[in-house]
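Participant: Quick one: this structure, given as structure tokens, is what I'll be asking you about.
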Amino acid sequence: DGGITQSPKYLFRKEGQNVTLSCEQNLNHDAMYWYRQDPGQGLRLIYYSQIVNDFQKGDIAEGYSVSREKKESFPLTVTSAQKNPTAFYLCASSTKRGGLIHEQFFGPGTRLTVL
Amino acid sequence: AQSVTQLDSQVPVFEEAPVELRCNYSSSVSVYLFWYVQYPNQGLQLLLKYLSGSTLVKGINGFEAEFNKSQTSFHLRKPSVHISDTAEYFCAVSSLLTGGGNKLTFGTGTQLKVEL
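The listed protein sequences derive, respectively, from chains R and F.
Numbering-wise (the numbering used here), the first sequence opens with residue 1 and increments by one.
Numbering-wise (the numbering used here), the second sequence opens with residue 1001 and increments by one.
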């Protein structure tokens, strides 16, 4: 079955540590996205990538970094510079076919807690 | 800039009753609208989308929404809810990105709680 996987499901981090969240898709989608979800605030875009080896900042990129070395993979690193990293992180992907608007497919999410 | 307002943070409703979840948007360009549902500790699942054409859009699980340009609204409705509809619902407006793909701007969500 095609879809998006995120790992781990739960992640605990000590203050001052960097941590990397995994996102893999087998939908053959060119575009991938990372969102952060906080209670009562909806989802906010952190980074997106439209093609391998290229990515762009979203609305709240400070304290985060990404890479896109393979089409299937778009890992997110939460660095120690992120002041309030405790949140639910969601990865998504979409096709870019025809330059039109397409549905974004979401992974199951990773819940990060900073201790 | 685009934005979405979901006026109700929580909506309680009895099983088999009708429900409407409200969504208003602001956009200076062509409007593309989505409703997603999220069950606890899970990702988002698409309910329905409006890209063009008929303003009444039907989605999965018996949900439908109507695009109203004059009122800048895209309210979600279901004529008879089930206990399994208890979840959080997000309205989003989309815009094309230079280079392909699209950016979703989400509302803050509405928690639908269906009671027996």
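The beta carbon of each residue, even a glycine, is placed where N, CA and C say it ideally should be.
Ignore the nearest five residues each way along the sequence and tell me which others in GLN82(R)'s own chain have a CB closer than 8 Å to its CB.
Facilitator: Against the first sequence, residue 82(R) aligns to sequence position 82. The residues are GLU62, GLY63 and TYR64.
Participant: Using beta carbons (cut-off 7 Å, strictly below), is SER1073(F) in contact with chain R?
Facilitator: For the purposes of this step, residue 1073(F) is taken as residue 73 along the second sequence, with counting starting at 1. Answer no: the Cβ-Cβ gap between SER1073(F) and chain R never drops below 7 Å.
Participant: So that I know if they touch, is there some Cβ in chain R lying closer than 7 Å to that of THR1108(F)?
Facilitator: In the second sequence, the residue the question calls residue 1108(F) occupies position 108. True, the Cβ-Cβ gap to chain R drops below 7 Å.
Participant: For SER1080(F), collect the residues of the same chain with a Cβ closer than 8 Å to its Cβ; drop the 5 residues on either side in sequence, then sort them by chain order.
Facilitator: Residue numbering aside, residue 1080(F) sits at position 80 when the second sequence is read from its first letter. So the qualifying residues of the chain are GLU1016, ALA1017, PRO1018 and GLY1062.
Participant: ILE46(R) bridges to which residues according to DSSP?
Facilitator: Along the first sequence, one-based indexing puts residue 46(R) at 46. Partner(s): none; ILE46(R) has no beta bridge.
Participant: DSSP three-state label for SER1028(F), please.
Facilitator: In the second sequence, the residue the question calls residue 1028(F) occupies position 28. It is coil, neither helix nor strand.
Participant: Interface residues of chain R around PHE1090(F) at Cβ under 9 Å?
Facilitator: To locate residue 1090(F), count along the second sequence from 1; it is residue 90. Near PHE1090(F) (Cβ distances below 9 Å), the residues of chain R are GLY42 and LEU43.
Participant: Between LEU1044(F), LEU1051(F), THR1072(F) and LEU1021(F), which lies nearest to SER1028(F) when the distance is taken from Cα to Cα?
Facilitator: Here residue 1028(F) refers to the residue found at position 28 when the second sequence is read from its first residue. Ranking the options by Cα distance to SER1028(F), first place goes to THR1072(F).
Participant: Checking contacts by CB at 7 Å: is GLN25(R) closer than that to chain F?
Facilitator: Walking along the first sequence from the start, residue 25(R) turns up at place 25. Chain F contact via Cβ: absent.
Participant: From PRO1040(F) to LEU90(R), what distance separates their C-alpha atoms?
Facilitator: As a working mapping, residue 1040(F) is identified with position 40 in the second sequence. As a working mapping, residue 90(R) is identified with position 90 in the first sequence. Their Cα atoms are separated by approximately 13 Å.
Participant: For a contact meaning CB atoms closer than 8 Å, what does SER1009(F) contact in chain R?
Facilitator: As a position in the second sequence, residue 1009(F) is number 9, starting the count at 1. In chain order: GLY40.
Participant: Look up ARG68(R) in the DSSP assignment and say whether it is helix, strand or coil.
Facilitator: If you number the first sequence from 1, residue 68(R) lands on position 68. Correct three-state label for ARG68(R): coil.
Participant: Smallest Cα separation from GLN1006(F): which of PHE1106(F), GLU1115(F) and LEU1116(F)?
Facilitator: Here residue 1006(F) is taken as the residue at index 6 of the second sequence, counted from 1. Per the Cα distances, PHE1106(F).
Participant: Chain B beta carbons: is any one of them nearer than 7 Å to that of ILE101(R)?
Facilitator: Here chain B cannot be found, since the structure's protein chains are R and F.
Participant: What does LYS96(R) touch in chain F if you count any residue whose Cβ is under 7 Å from its own?
Facilitator: For the purposes of this step, residue 96(R) is taken as residue 96 along the first sequence, with counting starting at 1. By Cβ distance, chain F contributes GLY1100 and GLY1101.
Participant: Return the CA-CA distance between GLU69(R) and LYS9(R), expressed in angstroms with no decimal places.
Facilitator: Along the first sequence, read from residue 1 onward, the residue named residue 69(R) stands at position 69. Along the first sequence, read from residue 1 onward, the residue named residue 9(R) stands at position 9. If you take the alpha carbons of GLU69(R) and LYS9(R), they lie about 23 Å apart.
Participant: Can you tell me whether DSSP reads ASP1085(F) as helix, strand or coil?
Facilitator: In the second sequence, counting from the first residue as 1, residue 1085(F) sits at position 85. Of the three classes helix, strand and coil, the one that applies to ASP1085(F) here is helix, per DSSP.
Participant: May I ask you to list the residues that DSSP assigns as paired with TYR89(R)?
Facilitator: Against the first sequence, residue 89(R) aligns to sequence position 89. DSSP output for TYR89(R) lists ARG36(R) and THR110(R) as bridge partner(s).
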